[in-house]
Ligand code: 4AD
Ligand code: MG
């Protein structure tokens, strides 16, 4: 039976027989193999006898997969407590050193690795990132499960545009070159697979609201799709989102829940992924050294996470945020590319100023102008703002977007009409307001942005196994 390298290294006992399987990271002096099986960052040293068949030795190359039977012994060498004294080695899959893209010792760039699908996972950096990503997903489920939330699977194919932003991928089986048309020249979607026009979901929220009206507390955790042409280090066309929706919660409960979730996940990761996070912290520190002094962050990765964990998020209104920006030296010295005035959608540079320069911690902004937010947000008494909340995180910008929902049918219908959202098609959603409506609230946490925050990876493409971005879906 195979023993995982992680368990061998953790279990500090010696002189027992094991079988290990993995991939060769390096092979030194025809004697010392650094073996990795992905269970942890560390490699296991395998020592082979000097009398090993030279034909076999030749096949032990970086990238090859091997199976080793041997005994766990105390290591005489530096850098490891234990090693395997190999009795028998089988090469499972050879790896031609002439063709293997690189020796992992020479650190390849992240951009280069993005183009080599098979290699990426086998590097220290991506090994760490994806083990952390896994742990973060688990922690999120645990957080909600322990609170008694029901995990609701919302559809991926839908007919509605939840955010009303129109950034949707169409789903159709109609032929492009010969689509059936209506008399007025538009495409006749009645003949399409679902008998209507459908698209990939941009959010599971509207469906989650229906769940909350029965289970009180639900959350979704699934893939979402946005066809926005944003080539930024924070946007993906396919990303994962966590969307809790809670009956009887107001905007303040919503903020507490979101802050609690973020802190829980950070705490979980610091406790369970320390080895990987320490590696990523060193990686990030090296990356920071390439930057000019005034652009370097003051805290290392671990310190940043601990700081966020131990401090209350700042809570301000949109109106206060605008005032801070207008009073800022950056604004006065015309350092912002985009102008600032009440009513604008905060640009990334504004969000980063608030979080990184002014407050130096995560900020929750509430009370945005209704004209820049979605139709479902609860209208405040001032007639101008809605009970929206965005959480802005250092280095990331918006990590959470949410709101208290408009539970009053008349106000919701009026807003939908103003925003040209077809109320007849949305009857199934509006029914929640007709039959036992209650105040409720929820938010969406961008999963990859959360993983970016915890791992310190600068580009969102480096925290998802197979990134989908404009002009890029090769594998
Ligand atoms: O602010 P958004 O658009 O909110 C919603 O979709 C609501 N329906 C959520 C809710 O209230 N249930 O998106 C929520 C979060 C953002 O704050 C961001 O973290 C992430 O999803 N996000 C993206 N992440 C990666 N790539 C993109 N293109 C993203 N767009 C949004
Ligand atoms: Mg948003």
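Numbering (my numbering), first residue to last: -9 to 465.
Yeah, the Cβ is synthetic: ideal placement off N, Cα and C, and Gly gets one too.
These numbers come from a predicted model, not from an experiment.
Is the Cβ of residue 387 closer than 9 Å to any Cβ of chain C? Checking the listed chains, one finds no chain C in this structure; it contains a single protein chain.
On the DSSP bridge assignment, give the partners of residue 381 in chain order. For this step, residue 381 is matched to residue 391 along the chain shown. Within the DSSP bridge table, the entry for residue 381 names 354, 390 as partners.
Own chain residues within Cβ distance below 6 Å of residue 152, not counting five before or after: Along the chain shown, read from residue 1 onward, the residue named residue 152 stands at position 162. The beta carbon of residue 152 is closer than 6 Å to those of 192, 193, 195, 196 in its chain, skipping five residues each way along the sequence.
Considering only residues of the segment 157 to 208, which uninterrupted alpha helix (DSSP H) runs meet the minimum length of 4 residues and lie entirely inside it, listed in chain order? Those alpha helix (DSSP H) runs which fall completely within the segment 157 to 208 and span 4+ residues are 195 to 205.
Give the single residue among 54, 266, 67 whose Cα lies nearest to the Cα of residue 84. As a working mapping, residue 84 is identified with position 94 in the chain shown. Considering only alpha carbons, the answer is 54.
Flag this pair as yes or no: are the beta carbons of residue 306 and residue 362 separated by less than 9 Å? The residue you call residue 306 lines up with position 316 of the chain shown. The residue you call residue 362 lines up with position 372 of the chain shown. Cβ distance not < 9 Å, so residue 306 and residue 362 don't count as in contact.
Hey, which residues come within less than 7 Å of the ligand MG, measuring from Cβ to any heavy atom, in chain order? Going down the chain, each residue whose beta-carbon is closer than 7 Å to a heavy atom of the ligand MG shows up: 380, 388, 391.
Given 8 Å as the limit, is there contact between the segment 427 to 438 and the segment 379 to 397, that is, 3 or more CB pairs closer than that? With a cut-off of 8 Å on Cβ pairs, the segment 427 to 438 is in contact with the segment 379 to 397, counting three or more such pairs.
Where residue 383 and residue 255 are concerned, what is the direct C-alpha to C-alpha distance, given to the nearest angstrom? The count along the chain shown starts at 1 and reaches residue 383 at position 393. The count along the chain shown starts at 1 and reaches residue 255 at position 265. A straight line joining the alpha-carbon of residue 383 with that of residue 255 spans about 14 Å.
Go to residue 115, then tell me how far its alpha helix (DSSP H) extends in each direction, as first and last residue. On the chain shown, position 125 is the one that residue 115 refers to. 114 to 136 is the span of the alpha helix (DSSP H), which, as asked, contains residue 115.
Excluding the 5 residues flanking residue 216 on each side, which residues of the same chain have their C-beta closer than 7 Å to its C-beta? For the purposes of this step, residue 216 is taken as the residue at position 226 of the chain shown. If we look at residue 216 and ignore the five residues flanking it on each side, its Cβ neighbours are 157, 192, 227.
Verify the contact flag: residue 45, CB atom, against every heavy atom of the ligand 4AD, threshold strictly below 8 Å. As a first step, residue 45 must be located in the chain shown, where it is residue number 55. Taking 8 Å as the cut-off, one finds no heavy atom of the ligand 4AD near enough to the beta carbon of residue 45.
For the segment 417 to 432 against the segment 200 to 215, do three or more pairs of beta-carbon atoms, one drawn from each stretch, fall closer than 8 Å, so that the two count as touching? Enough Cβ pairs lie closer than 8 Å, so yes.
beta-carbon residue 218 near the ligand 4AD non-hydrogen atom, thresh 8 Å: Start at 1 with the first residue of the chain shown, and residue 218 comes out as number 228. Yes, the Cβ of residue 218 comes within 8 Å of a heavy atom of the ligand 4AD.
Which of the three DSSP states, helix, strand or coil, is assigned to residue 24? Along the chain shown, read from residue 1 onward, the residue named residue 24 stands at position 34. DSSP places residue 24 in strand when its eight states are reduced to three.
Assigned exposure category for residue 15 - 16 Cβ within 10 Å defines buried: The residue labelled residue 15 in the question sits at position 25 within the chain shown. Buried: at least 16 other Cβ atoms inside 10 Å.
Could you tell me which of 115, 70, 27, 104 sits nearest to residue 57, measuring between CA atoms? Translated into the one-based positions of the chain shown, residue 57 becomes position 67. Considering only alpha carbons, the answer is 27.
Residue interval of the beta strand (DSSP E) (run including residue 17): Working through the chain shown from its first residue, we reach residue 17 at position 27. Residues 7 to 18.
Please look up how many angstroms separate the CB atoms of residue 51 and residue 270, rounded, as I've assumed it's under 8 Å. Residue numbering aside, residue 51 sits at position 61 when the chain shown is read from its first letter. Residue numbering aside, residue 270 sits at position 280 when the chain shown is read from its first letter. Rounded to whole angstroms, the Cβ separation of residue 51 and residue 270 is 28 Å, and the two are not in contact under 8 Å.
DSSP three-state call for residue 259: helix, strand or coil? Stepping through the chain shown from its first residue, residue 259 is reached at position 269. Residue 259: helix per DSSP, three-state reduction.
Start and end residues, alpha helix (DSSP H) containing residue 445: The count along the chain shown starts at 1 and reaches residue 445 at position 455. Unbroken alpha helix (DSSP H) run through residue 445: 437 to 445.
Just the Cα atoms here: how many angstroms apart are residue 187 and residue 463? Within the chain shown, the letter at position 197 stands for residue 187. Within the chain shown, the letter at position 473 stands for residue 463. Roughly 24 Å between the two C-alpha positions.
Look up residue 330 in the DSSP assignment and give the residues it is bridged to. Your numbering for residue 330 matches position 340 in the chain shown. Looking at the DSSP output, residue 330 shares a beta bridge with no other residue.
Note down, in chain order, each residue of its chain lying with its Cβ closer than 6 Å to the Cβ of residue 258, except the 5 sequence neighbours on either side. For the purposes of this step, residue 258 is taken as the residue at position 268 of the chain shown. Excluding positions up to five away in sequence, the list reads 129.
For residue 366, which of helix, strand or coil comes out of DSSP? Taking the chain shown and counting its residues from 1, the one referred to as residue 366 is at position 376. Residue 366: coil per DSSP, three-state reduction.
Per-residue burial, residue 283 [other beta carbons within 10 Å of its own, 16 or more giving buried]: Here residue 283 is taken as the residue at index 293 of the chain shown, counted from 1. Under the 10 Å beta carbon count, residue 283 is surrounded by fewer than 16 other beta carbons and is classified as exposed.
Check for me: the beta strand (DSSP E) holding residue 317 runs from which residue to which? Residue numbering aside, residue 317 sits at position 327 when the chain shown is read from its first letter. It is not in any beta strand (DSSP E) - residue 317 instead sits in the alpha helix (DSSP H) that spans 308 to 317.
Using the C-alpha atoms, what's the distance from residue 366 back to residue 376? By 1-based counting over the chain shown, the position of residue 376 is 386. By 1-based counting over the chain shown, the position of residue 366 is 376. For residue 376 and residue 366, the distance between alpha carbons rounds to 9 Å.
Segment limits, alpha helix (DSSP H) that includes residue 55: Here the question's residue 55 lines up with position 65 in the chain shown. Per DSSP, residue 55 belongs to no alpha helix (DSSP H); it is in the beta strand (DSSP E), 55 to 64.
In the DSSP assignment, find the beta strand (DSSP E) that holds residue 107 and state where it starts and stops. Translated into the one-based positions of the chain shown, residue 107 becomes position 117. Careful: residue 107 lies outside any beta strand (DSSP E), inside the alpha helix (DSSP H) at 107 to 110.
Who does residue 234 pair with in a DSSP beta bridge? If you number the chain shown from 1, residue 234 lands on position 244. DSSP, once it has assigned bridges, lists 209 as partnering residue 234.
For residue 214, which of 465, 457, 461 has the nearest alpha-carbon? The residue given as residue 214 occupies position 224 in the chain shown. Relative to residue 214, the option among 465, 457, 461 whose CA is nearest is 457.
Can you grab the Cα-Cα spacing for the pair residue 308 / residue 246, in whole Å? For the purposes of this step, residue 308 is taken as the residue at position 318 of the chain shown. For the purposes of this step, residue 246 is taken as the residue at position 256 of the chain shown. Here the alpha carbon of residue 308 sits roughly 18 Å from the alpha carbon of residue 246.
Hey, would you say the C-beta of residue 153 is under 8 Å away from at least one heavy atom of the ligand 4AD? Indexing the chain shown from 1 puts residue 153 at position 163. Under cutoff, so the answer is yes.
Given that a residue counts as buried once 16 or more other Cβ atoms are within 10 Å of its Cβ, and exposed if not, what is residue 331? Taking the chain shown and counting its residues from 1, one reaches residue 331 at position 341. Burial is judged here by how many other beta carbons sit within 10 angstroms of a residue's own beta carbon; residue 331 has fewer than 16 and is exposed.
Quick one: what does DSSP say residue 428 is sitting in, helix, strand or coil? Along the chain shown, one-based indexing puts residue 428 at 438. Residue 428: coil per DSSP, three-state reduction.
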